[in-house]
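In what follows, a single structure is set out as structure tokens and then discussed.
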Amino acid sequence: MTESIDPRVVAIEDRLANVERVIAVTGSKGGIGKTVVASLLALTLADRGRSVGLFDLDFTSPTDHVVLGSVGGFPTETFGIDPVSVAGIDMMSIAFLSGRAATPLRGGDATNALLELLAVTNWGSQDLLLLDMPPGLGDTSLDVLRYVPRVEFLLVATASRLVVDSVRRAAALLTELDAPILGVVENLQRRAGGVVHDLADEFGLDSLGAVPFDESLEVALGDVRALRDTDAYAAVTQIGEESVGRPPST
Ligand SMILES: Nc1ncnc2c1ncn2[C@@H]1O[C@H](COP(=O)(O)OP(=O)(O)O)[C@@H](O)[C@H]1O
Ligand SMILES: [Mg+2]
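Numbered according to our numbering, the sequence shown spans residues 6 to 255.
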């Protein structure tokens, strides 16, 4: 008996054929800065002339468009839908389609949203596509592992034992599944060293750098010019230049 294949899975391979690298920014716990790191990484790489896509996969709480100050975009349709250009980044978010309405998703809905959006979005050719992951290791994480070809993972953690405990589970799962992990970024750093470094050592992962706790970030959200003046942007720029251009360690 032949297994039937969801046509969207084949379409996704096509849509991503000219995307050089796909990096999922993850970290399991919520509120640790995955969205901020993914958005600033997209911004700094675009500022430095790379072609970058940013896909917000936190379907129930999408916020990349808030960080980057895009409120009015709506994807146009050609043969598929085109991402919205925001500060030189090609962005896709369920928020572009739903506006401010809540987008609760149950069971297979998250999988369908992911497959649907990946299957119809014209990413074109990109040096890099960043996936901003939702918290947890639920459907979306498992689907990204299953359906997104060549995906690599960048782990975000903070120096809290609660966060590290949670990110450790993500690192263990990805390691067990032989998924490529680019390394660990420490966010909201107040002092150097400590538990995030230990976590990277424990799994033999690269420490990609740290983003400081930056008081000026909150007021800069939504204004890319102000974001470029923040210490967080400067730190993410260094991480982008030093790490994201390198091949991942497996
Ligand atoms: N380096 C930082 N300095 C100051 N505030 C930060 C920093 N990183 C994230 N934040 C803030 O922390 C909160 C959670 O960040 P967010 O990126 O939404 O986390 P996640 O995507 O992991 O849930 C937001 O209010 C964000 O503005
Ligand atoms: Mg987020």
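Built from N, CA and C at the ideal position, the CB exists for glycine as well.
| Query | Result |
| --- | --- |
| Burial state of V224, where buried means 16 or more other Cβ atoms lie within 10 Å | exposed |
| Shell residues, 5 Å Cβ cut-off relative to heavy atoms of ligand 2 | K39, T40 and D63 |
| Inter-residue CB distance, G227 and G74 (contact presumed, cutoff 8 Å) | 4 Å |
| Sufficient close CB pairs (3 or more, under 8 Å) joining the segment 32–48 to the segment 77–87 | no |
| V229 Cβ short of 8 Å to ligand 1 heavy atom set | no |
| Within 9 Å, strictly: CB atoms of V169 and A162 | yes |
| Backbone secondary structure at V76 - three-state DSSP | coil |
| Beta-carbon proximity of A164 to V125, cut-off 9 Å | no |
| Best match in S171, D87 and D69 for proximity to R20 [C-alpha to C-alpha] | D87 |
| Test item: CB-CB of V89 and L45 under 9 Å | no |
| Cβ-Cβ distance between I244 and V216 below 9 Å | yes |
| DSSP-derived helix/strand/coil call for L182 | coil |
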